[in-house]
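Asks: Pasting a structure here, questions to come.
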Amino acid sequence: MAVEHPLTQPGEQTRIHNIGYRNYDGARLGRAYARRSLYSQSLRGAYGLGRSVKSKVLPMLLFVVMCVPALIMVAVAVATKAKDLPVDYTRYAVIMQAVIGLYVASQGPQAVSRDLRFKTVPLYFSRPIETGDYVRAKYAALASALFILTAAPLIVLYVGALLAKLDFSDQSKGFGQGLLSVALLSLLFAGIGLVISAITPRRGFGIAAVIAALTISYGAVSTVQAIAFERSSSGAVPWLGLFSPITLIDGVQTAFLGASSAFPGEVGPSSGQGVVYLVVVLGLIAGCYGLLMRRYRKVGL
10 MAVEHPLTQP GEQTRIHNIG YRNYDGARLG RAYARRSLYS QSLRGAYGLG
60 RSVKSKVLPM LLFVVMCVPA LIMVAVAVAT KAKDLPVDYT RYAVIMQAVI
110 GLYVASQGPQ AVSRDLRFKT VPLYFSRPIE TGDYVRAKYA ALASALFILT
160 AAPLIVLYVG ALLAKLDFSD QSKGFGQGLL SVALLSLLFA GIGLVISAIT
210 PRRGFGIAAV IAALTISYGA VSTVQAIAFE RSSSGAVPWL GLFSPITLID
260 GVQTAFLGAS SAFPGEVGPS SGQGVVYLVV VLGLIAGCYG LLMRRYRKVG
310 L
């Protein structure tokens, strides 16, 4: 029935327009689908996929930088018919730690800072997705992106070693140890990067803080370790390695994966010290997850 507007002239009538709103009749996919979608979108975003060309440049460039040294090593091993690879699988990530740290510094804030800056986090929680779903999806996405970054050159080394006809069992064992090492590294670095990035919505501050935590800390710890070793305090070298993320990973793989230590004088942790390293690494991963949960419970209000 037409309704007469008080401002219309006598005889005139208002019109009712159908603007096309209708109820949703499709399937309700629920939290699991929302969590998978957020994970997939975040993982793609970590390499700039689905974003502007400018956003793809840095992550793709860092991926190439990670893989090029492995390609060169493989080419040299094949050309010279070497009996072993120039670098162990477990040492590659330690050598390339600066590139890994730069990747986390660039993509950690990208994963969470925009949601905080534009205050879109409560919109996620207005749907079936909950705080734990958001945190797990973001954490898993960055950890997966890091694992792709660090495992890809190991695959290049492994394939090259097989092409060079190196011992299959030795190379397979080393490759498996390398994958375990970078998987642990990915979880640790992703947690640290996300916690730091979630503290501030300012992306620039987040980048600087992540670089300081991951890269500068390694330089500082390595310097102090070298000083301690030169002053005949080699017993302190393994304990000093507890204060940097990459030296923590180095200590764990030295103690449990048979890797050669990158510490000065190759003074790696003993089995007992290795247990301390492992407990600290697992504690940091769990602590990062707990801090993220606490942070997003407050943000989502």
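Numbering (this note's numbering), first residue to last: 10 to 310. Quick reminder that beta carbons are idealized off the backbone N, C-alpha and C, glycines included.
Taking the CB atoms as reference points, tell me whether A245 and A237 lie closer together than 7 angstroms.
Replies: Numbered from its first residue, the sequence shown carries residue 245 at position 236. Numbered from its first residue, the sequence shown carries residue 237 at position 228. For A245 and A237, yes; Cβs fall inside 7 angstroms.
Asks: Apart from the five residues just before and just after A150, which ones in its own chain have a Cβ nearer than 6 angstroms to its Cβ?
Replies: Indexing the sequence shown from 1 puts residue 150 at position 141. Y48, S51 and L52.
Asks: What's the gap between the Cα of V289 and the Cα of Y298?
Replies: Position 280 of the sequence shown holds residue 289. Position 289 of the sequence shown holds residue 298. The alpha-carbon atoms of V289 and Y298 are separated by roughly 14 angstroms.
Asks: Does DSSP classify A173 as helix, strand or coil?
Replies: To locate residue 173, count along the sequence shown from 1; it is residue 164. Coil at A173, not helix or strand.
Asks: Roughly how many angstroms separate the alpha carbons of M105 and L193, rounded to a whole number?
Replies: Within the sequence shown, numbered from 1, the residue matching residue 105 stands at position 96. Within the sequence shown, numbered from 1, the residue matching residue 193 stands at position 184. Whole-angstrom Cα-Cα distance: 16 angstroms.
Asks: Express the C-alpha separation of L189 and A152 in angstroms, rounding to a whole number.
Replies: Working through the sequence shown from its first residue, we reach residue 152 at position 143. Working through the sequence shown from its first residue, we reach residue 189 at position 180. The alpha-carbon of A152 is positioned some 13 angstroms away from that of L189.
Asks: Between which residues of its own chain and C76 is the CB-CB distance below 8 angstroms, once the five residues before and five after are set aside?
Replies: Locating residue 76 in the sequence shown gives position 67, counting from the first residue. Once the five neighbours on either side are set aside, the close Cβ partners of C76 are A161, P162 and V165.
Asks: Contact check, Y305 vs V204 under 8 angstroms by CB: the rounded distance?
Replies: For the purposes of this step, residue 305 is taken as the residue at position 296 of the sequence shown. For the purposes of this step, residue 204 is taken as the residue at position 195 of the sequence shown. At roughly 11 angstroms, the Cβ-Cβ gap does not stay under 8 angstroms, so Y305 and V204 are not in contact.
Asks: With a cut-off of 8 angstroms, do at least 3 Cβ pairs link the segment 122-136 to the segment 203-218?
Replies: yes
Asks: Report all residues from its chain with a CB closer than 6 angstroms to the CB of A79; omit the five preceding and five following residues, and keep chain order.
Replies: The residue labelled residue 79 in the question sits at position 70 within the sequence shown. Hits under 6 angstroms: P162, V165 and L166.
Asks: Among the residues of its own chain, which have a CB less than 6 angstroms from the CB of G187, if the five just before and after it don't count?
Replies: Along the sequence shown, one-based indexing puts residue 187 at 178. Apart from the 5 residues on each side of it in sequence, G187 sits with its Cβ closer than 6 angstroms to the Cβ of Y98, T99 and L163 in its chain, given in chain order.
Asks: Contact check, R45 vs E139 under 8 angstroms by CB: the rounded distance?
Replies: Within the sequence shown, the letter at position 36 stands for residue 45. Within the sequence shown, the letter at position 130 stands for residue 139. With 8 angstroms as the limit, R45 and E139 do not qualify as a contact, their Cβ atoms being about 14 angstroms apart.
Asks: Would you tell me roughly how many angstroms separate the C-alpha atoms of P278 and Y112, rounded to the nearest one?
Replies: The residue given as residue 278 occupies position 269 in the sequence shown. The residue given as residue 112 occupies position 103 in the sequence shown. If I take the Cα positions, the gap works out to 28 angstroms.
Asks: Using alpha carbons as the reference points, say which of E239, G35, T263 and A268 lies closest to G281.
Replies: Here the question's residue 281 lines up with position 272 in the sequence shown. Answer by Cα proximity: T263.
Asks: Please confirm whether S195 and S226 have their CB atoms less than 7 angstroms apart.
Replies: Translated into positions along the sequence shown, residue 195 becomes position 186. Translated into positions along the sequence shown, residue 226 becomes position 217. Result no, Cβ atoms of S195 and S226 do not sit closer than 7 angstroms.
Asks: Note down the Cα distance separating G54 from P131, rounded to an integer number of angstroms.
Replies: For the purposes of this step, residue 54 is taken as the residue at position 45 of the sequence shown. For the purposes of this step, residue 131 is taken as the residue at position 122 of the sequence shown. Approximately 20 angstroms between the Cα atoms of the pair.
Asks: When the Cα atoms are used, what is the spatial distance from T159 to E239?
Replies: Within the sequence shown, numbered from 1, the residue matching residue 159 stands at position 150. Within the sequence shown, numbered from 1, the residue matching residue 239 stands at position 230. Cα to Cα, T159 sits roughly 32 angstroms from E239.
Asks: Under the rule that 16 or more other beta-carbon atoms within 10 Å means buried, what is K147, buried or exposed?
Replies: As a first step, residue 147 is located in the sequence shown; it is residue number 138 there, counting from the start. Buried: at least 16 other Cβ atoms inside 10 Å.
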